[in-house]
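Undergrad: I have a structure here, written as structure tokens, and I will follow up with some questions on it.
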Amino acid sequence: MKFKILDLFLCFLIILTVCAKQNATTSVTSPSGNILVEFQLKSDGTPFYLVGHKGQAVIDTSTMGFEFKDQSPMVNGFQVIGTVTAPHRETWEMPWGEQRLVNNFYNELVVKLQEIKTPKRQLNIYFRAHDDGIGFRYEFPHQKGTDSLIILDENTQFKLTHDHMVWWCPGDWDSYEHLYNTTKFSEIDARTMNGGTLLNFSYIPENAVNTPVTMRTDDGLYLSFHEAELLDYAGITLKVDPATLTMTSELVGSERLGYKVKRPLPFKTPWRTIQINETAKDLIISKLLVNLNEPNKIGDISWFKPKRYNGIWWEMHINKSTWDMASGYHGATTTNAKKYIDFAAANNITGVLVEGWNTGWEHWVGFDDREGVFDFVTPYPDYDLAEVVRYANERGVEMIMHHETSAAPRTYEQQLEKAYSLMKDLGIHAVKTGYVGKIIPNGEHHHGQWMVQHYQKVFETAAKYQIAVNVHEPIMDTGIRRTYPNAISREGLRGQEFNAWSADGGNPPEHLSIVAYTRMLAGPIDFTPGVFDISLPSKPNNQVNSTLAQQLALYVVIYSPIQMACDLPENYEGQPAFQFIRDVGVDWEQTVVLNGEIGDFVTIAREEKGTGNWFVGSITDENKREIEINFNFLQAGGNYLAKIYQDGPNAHYRNNPLDIQIEEMTVTKETVKSFILAPGGGLAISIMRVK
């Protein structure tokens, strides 16, 4: 019997060896060796890949292929004609960000494929294995007889190993402003569980999810799927097949043009990314996306300074004023702008945003003929732009321009040079752009190639005029802030304004404790925190579902290099808790995620660049909870004065949101302290070194 078993084992080894040669198995591991990516060809020449983590399968057999217009698909019939492997080690410096220094360590594998039969087209696949995940992308080299490709579908599979728990929002081609759902993978139904969007331009054609989409395996491993370096290509959604536990790339298309992507040869696609982390907090620390992007292409960025800002915005959402002048309640007046400037100058706030300053607001939302509506250089008669800028400069405050395009990007592009030239002449270095509504021309979508090209044109044109861009209704960030560091922040989620005007009660308390592990993985978020008048007396059916302490904590938890103190100046007057907003940093030397779990809570500590001061933020969902903070992130041998803003003993997001306690204590690296977070509550701590 022993001989028979040995014979069978030897036969099995021979079969494996033969199959490996036929299937052209090749692989690459991360620098630590914990993550393995394996590439193979099936017997019919179909390419596929697998991913493992510490010897356990993470992604099972997943095929790769493309369908084209006027060409046969690329799905099988390939042979491997070469492979290249190389390590990469670098440390680069962020000009602004969650941390100053970023390690970019990975091992790369390039697989060169060619069709066996004529026309013998070629396809190269790049794999990069990092210690926090993988990225892979396709390269289409020059091909005989054709100079471009029209892609109808990219069929990249992600075959899961089990029915994971998933935090997801629908694969909407026009909006990310949905609530997140928490379900098993097999329970995803994006067309009915649409997350409570209230926007009339939402479009969900498939049972698909938007990215980043985050999962937790039964073994406690965390996965998040997204893309990196999205340039001149369609944004990705992931089509869900609950029966086979498989996701397949579903690119955002154009009904107007009849395809997903058109590119001249040669070109590379964006990276398809999978973060792989052993704890939830490691998801937030990962720099996989920015590391998969090219270094800075615009040069010196010192003209942009991370900042806190306030401005004329929230008052429109709570019905105090309007964007348009015809209503008689116009918010963007010279007098009102000066009030916000005075408040900013007196409270260590260095920026002021004014929305509704330019002509066109009478005819934008809900109209189909929005082309040509907005003028981006002409102010309303009651707003003296030059005088407002002069007044702000005199008080050491920088104005932030606002350009709402009403989803008519061609109108915006026609005025880009003129509008940005005006900003440069005025010394304004930041603009908030918006794209509310269905994209004009009809048949285009916010996340399709045509709009990706537009957003990129805006970033590149803005860079020429030393302008940083904060995009609302954006394409999702894919790490290009490394290459174009003037792409400073984006919306791309259900923001604070949903609390003021949504009929479904606003964002639930769990919303941001999910966002920190999903949307925030893509990049900076302009969430606009800082509401102090939480009950919203002018909106009787609405309320912000958080405590005051949580509103403070958001300045640390939800990252952006620009952070708005969004409430009205009069709501901050005489409020001791406002001191945290005066003090909190916006640009960071390093970030430490202390604890947390997706959808439950998160605690983050960040060291301010250049000062050595630390700030801590912690938020929870609707559940009261006790957390422990170990201050071992502080420098050894130092004494620090911690000012603690925590929920009061009777605090509750629904019926007592303003109950807050403020106290001071000395802390050191050895300090460990427990805190109670109220339902929907939070904790904010400023930590200043005692000299």
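In the working numbering, the protein residues as written are 321 to 1011.
Beta carbons: idealized from backbone N, C-alpha and C, even for Gly.
From a predicted model like this one, the values you see are computed outputs, not experimental measurements.
1. If I follow the unbroken beta strand (DSSP E) through LYS993, where does it start and stop?
2. Considering only C-alpha positions, which residue in the set VAL529, THR940 and HIS498 is nearest to SER506?
3. Under the DSSP definition of a beta bridge, which residues are partnered with GLN399?
4. Apply the 10 Å Cβ neighbour rule to ASN959 and answer buried if 16 or more other Cβ atoms are within range, or exposed otherwise.
5. Select from VAL756, MET636 and LEU914 the residue whose C-alpha is nearest the C-alpha of GLU691.
6. Taking 9 angstroms as the cut-off, decide whether the C-beta atoms of TYR581 and LEU469 are in contact.
7. Output yes or no for whether 9 angstroms exceeds the beta carbon distance between GLY651 and LYS559.
8. Report the option in LYS627, ARG457, LYS784 and MET485 whose CA atom is closest to the CA atom of ASN475.
9. Is the distance from the Cβ of ARG810 to the Cβ of VAL835 below 9 angstroms?
10. Got a sec? Which residues, its chain only, sit under 7 angstroms from LEU888 by beta carbon, not counting five neighbours each side?
11. State yes or no: is the C-beta of THR842 within less than 9 angstroms of the C-beta of ILE939?
12. Pick helix, strand or coil for ASN819, following the three-state DSSP scheme.
13. Assuming GLN463 and LEU585 make a contact with CB atoms under 8 angstroms, what is their CB distance in whole Å?
14. My output table needs one value for GLN870: the three-state DSSP class, helix, strand or coil.
15. Return helix, strand or coil for ASN343, following the three-state DSSP convention.
16. Rounded to whole angstroms, what's the CA-CA distance from VAL572 to THR654? Just pull it up for me.
17. Which residue marks the beginning of the beta strand (DSSP E) containing PRO367, and which one marks its end?
18. Look up ILE878 in the DSSP assignment and give the residues it is bridged to.
19. Which residue from GLY555, LYS588 and ARG536 puts its Cα closest to that of GLU598?
20. Only counting runs of 4 or more residues, tell me where the alpha helix (DSSP H) segments fall wholly within the segment 590-625, in order along the chain.
21. Leaving aside the five residues before and after PRO626 along the sequence, list all residues of the same chain whose C-beta is less than 7 angstroms from its C-beta, in chain order.
22. The alpha helix (DSSP H) spanning TRP488 covers which residue range?
23. To the nearest angstrom, report how far apart ILE605 and ILE918 are at their CA atoms.
24. What does a CB cutoff of less than 6 angstroms around GLN981 pick up in its chain, not counting 5 residues either side in sequence?
25. What residue from THR381, GLY716 and GLY455 has the CA that sits closest to TRP591's CA?
26. Give every residue of the same chain whose Cβ lies closer than 7 angstroms to the Cβ of LYS659, excluding the five residues on either side of it in the sequence, and list them in chain order.
27. Consult DSSP for GLN734 and reduce its assignment to one of helix, strand or coil.
28. My understanding is that GLN769 touches TYR523, with C-beta atoms under 8 angstroms, so please give their C-beta distance in whole angstroms.
29. Using DSSP with H/G/I as helix, E/B as strand and the rest coil, what is LEU841?
30. Using alpha carbons as the reference points, say which of ALA664, LYS784 and THR564 lies closest to LYS617.
31. Does the distance from the C-beta atom of ILE379 to that of TYR369 stay below 9 angstroms?
32. By DSSP's criteria, ILE543 is part of a beta bridge. Which residues make up the other side?
33. With three or more beta-carbon pairs closer than 8 angstroms as the criterion, would you say the segment 708-726 touches the segment 743-756?
34. Compare the C-alpha of ILE845 against each of LYS859, MET796 and SER647 and name the closest.
35. Which same chain residues, not among the five before or five after GLY680, have their C-beta less than 7 angstroms away from its C-beta?
36. Would you decide whether GLY402 is buried or exposed? Buried here means 16 or more other CB atoms lie within 10 Å of its CB.
TA: With the given structure in hand:
1. 992-997 is the extent of the beta strand (DSSP E) around LYS993.
2. When each option's Cα is compared against that of SER506, the closest is VAL529.
3. Its beta-bridge partners are GLN434.
4. ASN959 should be labelled exposed.
5. Selected option, being the one with the closest Cα: VAL756.
6. In the sequence under discussion, the amino acid at residue 581 is Val, which differs from the Tyr named in the question. In contact: VAL581 and LEU469 (Cβ atoms closer than 9 angstroms).
7. Judged by beta-carbon spacing, LYS559 lies beyond the 9 angstroms limit of GLY651, meaning their Cβ atoms are not closer than that value.
8. The residue with the shortest Cα to Cα distance from ASN475 is ARG457.
9. No, these two residues do not count as a Cβ contact at 9 angstroms.
10. If we look at LEU888 and ignore the five residues flanking it on each side, its Cβ neighbours are TRP634 and GLU635.
11. In the sequence as displayed, the identity of residue 842 is Ala instead of Thr. Taking 9 angstroms as the cut-off, the beta carbon of ALA842 is found no closer than this to the beta carbon of ILE939.
12. DSSP places ASN819 in helix when its eight states are reduced to three.
13. The beta carbons of GLN463 and LEU585 sit about 6 angstroms from each other, so the pair counts as a contact at 8 angstroms.
14. In the displayed model, GLN870 falls within a helix according to three-state DSSP.
15. With a pLDDT of only 48 at ASN343, under 50, the local geometry of the prediction cannot be trusted, and the value read off the model is given with reservation. DSSP places ASN343 in helix when its eight states are reduced to three.
16. When rounded, the separation of the alpha-carbon atoms in VAL572 and THR654 is 42 angstroms.
17. Following the DSSP letters along the chain, one finds PRO367 inside the beta strand (DSSP E) bounded by residues 367-373.
18. Paired residue(s): none; ILE878 is not in a bridge.
19. Considering only alpha carbons, the answer is ARG536.
20. Within the segment 590-625, the complete alpha helix (DSSP H) runs of at least 4 residues are 600-605 and 608-611.
21. In the same chain as PRO626, and ignoring 5 residues on each side of it, the C-beta atoms closer than 7 angstroms to its own belong to TRP416, PRO881, ILE882, VAL906 and ASP907, in chain order.
22. Annotation for TRP488: no alpha helix (DSSP H) segment contains it, though the beta strand (DSSP E) segment containing it runs 485-488.
23. Annotation: ILE605 to ILE918 spans about 14 angstroms, alpha carbon to alpha carbon.
24. Cβ within range, chain order: GLN966 and GLY968.
25. Sorting THR381, GLY716 and GLY455 by C-alpha distance to the C-alpha of TRP591 places GLY455 at the top.
26. PRO889, listed in sequence order.
27. When secondary structure is reduced to three states using DSSP, GLN734 falls in the helix class.
28. About 16 angstroms separates the two Cβ atoms, so there is no contact after all.
29. It is helical.
30. Out of ALA664, LYS784 and THR564, the CA that lies nearest to the CA of LYS617 is found in LYS784.
31. In contact: ILE379 and TYR369 (Cβ atoms closer than 9 angstroms).
32. Reading the sequence as shown, one finds Leu at residue 543 and not Ile. In the DSSP secondary-structure assignment, LEU543 is bridged to MET535 and ILE596.
33. A contact exists between the segment 708-726 and the segment 743-756.
34. Nearest option by C-alpha distance: MET796.
35. Cβ neighbours of GLY680 beyond the five flanking positions: VAL693, PHE694 and ASP695.
36. Exposed, since its Cβ has fewer than 16 Cβ neighbours within 10 Å.
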